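Just below is one structure, and these are the notes that go with it.
There are 2 protein chains.
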Amino acid sequence: MVEKKQAIFDSALELINECGFHGTSMSQLAKHAGVAAGTIYHYFESKEAMICALHTDIVDKLLESLTTSDDKNLSFKERFEKRWKCIYQFHIDRPHVLRFYEQFVNSPFYFNYPKRKEIQLYFSAFFQEGISQGIIIDKNPELISGLFFGSVISALKMKFYRKVDIDGSDLNDIIDMQWKGMII
Amino acid sequence: MVEKKQAIFDSALELINECGFHGTSMSQLAKHAGVAAGTIYHYFESKEAMICALHTDIVDKLLESLTTSDDKNLSFKERFEKRWKCIYQFHIDRPHVLRFYEQFVNSPFYFNYPKRKEIQLYFSAFFQEGISQGIIIDKNPELISGLFFGSVISALKMKFYRKVDIDGSDLNDIIDMQWKGMII
DNA sequence: AAATATAGATTGAATGTTCATTCGGTTTTA
DNA sequence: TAAAACCGAATGAACATTCAATCTATATTT
Numbered sequence: 001m002v003e004k005k006q007a008i009f010d011s012a013l014e015l016i017n018e019c020g021f022h023g024t025s026m027s028q029l030a031k032h033a034g035v036a037a038g039t040i041y042h043y044f045e046s047k048e049a050m051i052c053a054l055h056t057d058i059v060d061k062l063l064e065s066l067t068t069s070d071d072k073n074l075s076f077k078e079r080f081e082k083r084w085k086c087i088y089q090f091h092i093d094r095p096h097v098l099r100f101y102e103q104f105v106n107s108p109f110y111f112n113y114p115k116r117k118e119i120q121l122y123f124s125a126f127f128q129e130g131i132s133q134g135i136i137i138d139k140n141p142e143l144i145s146g147l148f149f150g151s152v153i154s155a156l157k158m159k160f161y162r163k164v165d166i167d168g169s170d171l172n173d174i175i176d177m178q179w180k181g182m183i184i
Numbered sequence: 001m002v003e004k005k006q007a008i009f010d011s012a013l014e015l016i017n018e019c020g021f022h023g024t025s026m027s028q029l030a031k032h033a034g035v036a037a038g039t040i041y042h043y044f045e046s047k048e049a050m051i052c053a054l055h056t057d058i059v060d061k062l063l064e065s066l067t068t069s070d071d072k073n074l075s076f077k078e079r080f081e082k083r084w085k086c087i088y089q090f091h092i093d094r095p096h097v098l099r100f101y102e103q104f105v106n107s108p109f110y111f112n113y114p115k116r117k118e119i120q121l122y123f124s125a126f127f128q129e130g131i132s133q134g135i136i137i138d139k140n141p142e143l144i145s146g147l148f149f150g151s152v153i154s155a156l157k158m159k160f161y162r163k164v165d166i167d168g169s170d171l172n173d174i175i176d177m178q179w180k181g182m183i184i
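Those sequence lines, one after another, are chains A and B.
So that you can map any letter, position 100 of the first sequence is 100 in full-length UniProt numbering, and since no number is skipped, the others follow by simple counting.
So that you can map any letter, position 104 of the second sequence is 104 in full-length UniProt numbering, and since no number is skipped, the others follow by simple counting.
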């Protein structure tokens, strides 16, 4: 059943957010998700496999969200803005994701993890378009996209971790700053 | 003896970098550092206390490095550039710090952790200077400094995690992009 | 200068707890 | 009625931490 799997994912996000990567045990997780410990192992081979599956699930949802909201008829600047806000909103809607995601991508698990390339390529391709159109500065698109993604994460960390009050006009300021730096 | 303490810190960085935050046990750490398990508990109350002390040690070293390299006679742009490069170089010189640092600041440990404010204030104050001088855009300096720090971290992650080749001219490009976004 | 005392540093085997994982059995679903 | 989903107590390994004993270095006494 998909519901139990999702309950496990949701609980994992909540518990990891609160107790950290370590600090979250499988029995805790089972209890919180309302399933037996054995059930988790019916769906996932191990704790590590569950965590990797959760990460994949999140990345898939984010990429889908980005793809459906993208509109090639808009100007590149508008697409840039939309993309930035899409990632931001994704996390606002799922406030437990950020900590999990950041813990995961900074863990040695992540090294040699295939999903990594997918999201990287997705962003690089977008900025390559901008470079080809002569709008974005002609620098390594991997670099550009890394800084772009990083600026969303920075903003989210300020909001979630540091409780810096960020309103809609602040968001536009941040996006503008990022844009100004990247255009020719 | 200070050497044993430093050996424990160095080993912790190395092991956490390789095996993650969890995945690094105290017996492993003791063995790697060439001390007995009990010795670690002579210096630190617990594993968590050791990790917090390690973080404090790193932040202190970074702030000292920033303070000694700062020169108020230089132009604000030059100071901006120097500051960016100082953080970058700090990590290049200590390649095991980044993973540990990022794991730590994204863990729930970090919430309500006094050292956090110190580094935040240090950066905010710098950008407040720039704003007062009419050089930096008049936005919340916490926001500005968060994005500044974030851009260094993004660059470092690309270098260390994604093995993106970043040379000296790339660094200047990244700093330039960041600068262009932040000036009036 | 030698002998002794003292405190702090260091050891590592022992402890009790917690953990990820298993598996024989039960319930649900198709 | 068979297969798949689910349960949760049981298991053994790994873990953080402790502590009584030993060592080291320095201070104090003879």
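For glycine and all other residues, C-beta sits at the position ideal for the given N, C-alpha and C.
Nothing here was measured: the structure is a model prediction, and the numbers come from that model.
- Shown here, Ile184/A sits in coil according to DSSP, grouped into three states, outside any helix or strand.
- Within the stretch 122-148 of chain B, not a single complete beta strand (DSSP E) segment reaches 3 residues in length.
- DSSP, reduced to helix, strand and coil, places Arg162/A outside both helices and strands of the structure shown, so it counts as coil.
- At the C-beta level, Leu147/A and Ser169/B stay beyond 9 Å of one another.
- One finds nothing in chain B with a Cβ atom closer than 9 Å to the Cβ of Gln128/A; even the nearest lies about 15 Å away.
- Annotation: Lys117/B to Ser65/A spans about 35 Å, alpha carbon to alpha carbon.
- By the C-beta criterion, the stretch 42-49 of chain B is judged not to be in contact with the stretch 122-139 of chain B, since fewer than 3 inter-stretch pairs fall below 8 Å.
- Residues of chain B with a Cβ closer than 8 Å to the Cβ of Val164/A are, in chain order, Asn140, Glu142, Leu143 and Gly146.
- According to the DSSP assignment, Met50/B belongs to the alpha helix (DSSP H) that extends over Lys47 to Ser69.
- Rounded to whole angstroms, the separation of the alpha carbons of Tyr110/B and Lys157/A is 12 Å.
- According to the DSSP assignment, Val97/A belongs to the alpha helix (DSSP H) that extends over Val97 to Val105.
- The three-state reading of DSSP puts Arg83/B in helix, counting H, G and I together.
- Interface residue (Cβ-Cβ distance to chain A less than 9 Å): Gln103/B is classified as such.
- Proximity of the stretch 91-107 of chain A to the stretch 100-108 of chain B meets the contact definition, three or more beta-carbon pairs being nearer than 8 Å.
- Flagged as an interface residue toward chain A: His22/B, by a C-beta distance shorter than 9 Å.
- Judged by their CB atoms, Lys4/B and Thr56/B are not nearer to each other than the 9 Å cut-off.
- The stretch 23-33 of chain B makes no contact with the stretch 71-79 of chain B; the number of CB pairs closer than 8 Å stays below 3.
- Here the C-alpha atom of Glu78/B lies approximately 10 Å from the C-alpha atom of Trp84/B.
- Following the DSSP letters along the chain, one finds Asp10/A inside the alpha helix (DSSP H) bounded by residues Val2 to Cys19.
- Contact with chain B is absent for Glu14/A, since none of that chain's Cβ atoms lies less than 9 Å from the residue's Cβ.
- Comparing alpha carbon positions, the residue from Gln28/B, Ile16/B and Gln128/B closest to Ile51/B is Ile16/B.
- Ala155/A and Tyr88/A do touch by the CB rule: their CB atoms are close to 7 Å apart, below 8 Å.
- Residue Ile144/A holds the alpha-carbon nearest to the alpha-carbon of Gln178/A among Ile144/A, Asp165/A and Tyr161/A.
- Taking 9 Å as the threshold, the shortest C-beta distance from Lys180/B to chain A falls below it.
- When the beta-carbon positions are compared, Asp176/A and Gly181/B come within less than 9 Å of each other.
- Judged by DSSP in its simplified three-state form, Pro108/A adopts helix.
- When DSSP states are grouped into helix, strand and coil, Val35/A belongs to the coil group.
- Closest in alpha carbon position to Arg162/B, among Lys163/A, Gln120/A, Ser132/A and Asp167/A, is Gln120/A.
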